[in-house]
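Structure first, then comments.
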Amino acid sequence: MSKYGDLIKKAREPENQNSGKPEDHQAPQEDPEVNLCVKVPLSLRRHWASESKRTGVSMTSIIIETLKAKFGEPE
Numbered sequence: 001m002s003k004y005g006d007l008i009k010k011a012r013e014p015e016n017q018n019s020g021k022p023e024d025h026q027a028p029q030e031d032p033e034v035n036l037c038v039k040v041p042l043s044l045r046r047h048w049a050s051e052s053k054r055t056g057v058s059m060t061s062i063i064i065e066t067l068k069a070k071f072g073e074p075e
């Protein structure tokens with residue numbers, strides 16, 4: 001059998017299968033995260049993405065910080 005065939009056969013063995021259930025050690029989140037879509041010009045997105053990578057700060061954290069500063073958090 002070919003090396004790929006052996007690999008597939010080994011992956012199909014029961015001990016190599018993932019049950020698909022979440023691991024017990026993962027704590028459930030109180031408030032699930034969702035997507036926040038915002039349409040912006042491509043040139044701005046490219047600039048912001050490159051500056052974000054250059055400075056090592058994620059755009060997500062910047063957006064969250066800005067929205068919290070402007071509108072606060074729910075009570």
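Just so it is clear: in the sequence shown, position 72 is 72 by UniProt numbering, and no numbers are missing.
Glycine included, every Cβ here is placed at the ideal spot set by N, Cα and C.
These numbers come from a predicted model, not from an experiment.
Original post:
Do you know how far the Cα of residue 14 is from the Cα of residue 55?
Top reply: 46 Å
Original post:
Using CA coordinates, which residue listed in 52, 12, 31, 53 is at the minimum distance from residue 74?
Top reply: 31
Original post:
Do residue 52 and residue 58 come within 9 Å of each other at the CB atom, strictly closer than that value?
Top reply: yes
**OP:** Check whether the Cβ atoms of residue 62 and residue 36 sit closer than 9 Å, and answer yes or no.
**Re:** no
Subject >> Host alpha helix (DSSP H) of residue 6 (start-end) >> reply: 3-11
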